[in-house]
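For reference, the structure is listed below as structure tokens.
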Amino acid sequence: MRRSGQSALETSVLVLNRLFVVVHIIPARRAFGLLYKDLAEVIDVEDGGFASYDFDGWIELSQLRRLEKKPDDDWIRTVRCEVQVPRVIRLLTYDRVPKDGVKFNRRNILARDHFRCQYCGKQFSAHQLTLDHVVPRSRGGRTTWENVVTACVHCNLRKGDRTPSEAGMKLLKPPRRPDRNPVLQLKLRNVKYQSWRMFLPSTGNGDGRD
Ligand SMILES: [Zn+2]
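Residue numbers for the sequence shown follow our numbering, so the first one is 105 and each next one is one higher.
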């Protein structure tokens, strides 16, 4: 499936700091903003190596590649020309390293659970999903990785203010704190983002399982 325009701007870009350490993931829209302001450069992975380009250089390269687009690449069309969406950028002035540990937030919980309702097992898009306290807060259930799961609206309503066993519902798997960034792990399942692997620590390989 070919993406273009709006959705290409929503694809993900891996951000490295000046020292090539992974900092975070941002939408291509923001990556283009950083490139345009010369705050970042494109890191392009090809044939097991990589090269860096400033924004002008990247636009030039895009004009050559435009003639033989690869199926997994994304493109945006500007007023003047078409530009390939980068997959990795490097911040030119930023040295800091992110803190260890995965942030507990909605985005990471949905990614940990693969956007799958943990009760009925169906996959949904983010806006159709809710977060459910397995042991309800009214029963002293905590807001932690181990007690919050992704649930579709239907299952969440059906469960209500009950524990799973009271509601006769079963969790797909016991919820746990992820040891690696779940958003990143989920993206790595997509062929588009394979070039990211070059910049990730090669310890373990916790992705690829459902
Ligand atoms: Zn459900």
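Just so it is clear, CB atoms sit at the ideal spot from N, CA and C, and this is done for glycine as well.
Cβ shell of residue i (< 6 angstroms), same chain only, five flanking positions each side left out
| i | result |
| --- | --- |
| K277 | none |
| Y201 | Note on residue identity: the sequence assigns Val, not Tyr, to residue 201. Excluding sequence neighbours, V201 sits near V125. |
| V295 | D176 |
| A271 | K263 |
| L138 | A144 |
Pair within 8 angstroms by beta-carbon distance, residue i and residue j
| i | j | result |
| --- | --- | --- |
| I130 | R194 | no |
| P279 | W300 | no |
| E239 | L275 | For the sequence presented, residue 239 should be read as Val rather than Glu. The answer is no: Cβ separation not under 8 angstroms. |
| Q188 | R169 | yes |
| P268 | V206 | no |
| P282 | R181 | no |
Cβ neighbour criterion (16 or more within 10 Å) applied to residue i
| i | result |
| --- | --- |
| H231 | exposed |
| R106 | Since pLDDT at R106 reaches only 46, below the 50 mark, its modelled position is unreliable, and no value is offered. |
| R191 | buried |
| H128 | exposed |
| S166 | buried |
| K291 | buried |
| S116 | buried |
| A155 | exposed |
| L171 | exposed |
| E114 | exposed |
| N354 | Here the chain has residues from 105 to 314 only, and residue 354 is not among them. |
| E145 | buried |
| V90 | Shown here, the chain extends from 105 to 314; a query on residue 90 therefore has no answer. |
| D178 | buried |
| Y297 | buried |
| D199 | exposed |
| D160 | exposed |
| D236 | buried |
Cβ neighbours of residue i in the same chain (closer than 7 angstroms, five flanking residues each side left out)
| i | result |
| --- | --- |
| F228 | F219, C221, C256 |
| T197 | R122, L143 |
| V126 | L118, L120, F303, L304 |
| S242 | D265 |
| L214 | A230, L233, T254 |
| S111 | none |
| N309 | In this predicted model, N309 has a pLDDT of only 44, less than 50, meaning its place in the structure is not dependable; the value taken from the coordinates is given anyway. Counting only Cβ-Cβ distances below 7 angstroms, and skipping sequence neighbours, we find nothing. |
Span of the beta strand (DSSP E), counted from its first residue to its last, around residue i
| i | result |
| --- | --- |
| S299 | Per DSSP, S299 belongs to no beta strand (DSSP E) and is neither H nor E. |
| F154 | 153-157 |
| A144 | 144-150 |
| E186 | 186-188 |
| V192 | 192-195 |
| W179 | 179-181 |
Contact set for residue i: own chain, Cβ-Cβ below 8 angstroms, skip 5 residues either direction
| i | result |
| --- | --- |
| M273 | Y223, C259, R262, K263 |
| G225 | L276 |
| N251 | H237, V238, V239, G245, P279 |
Terminal residues of the alpha helix (DSSP H) in which residue i lies
| i | result |
| --- | --- |
| L261 | 257-263 |
| S116 | Careful: S116 lies outside any alpha helix (DSSP H), inside the beta strand (DSSP E) at 116-120. |
| R133 | 132-140 |
Heavy atom of ligand 2 within 7 angstroms of residue i beta-carbon
| i | result |
| --- | --- |
| A135 | Absence of ligand 2 is noted for the structure shown, with ligand 1 being the only ligands found. |
Please give me, in chain order, every unbroken run of the beta strand (DSSP E) with length at least 3 that falls completely inside the segment 206-233. Runs found: none.
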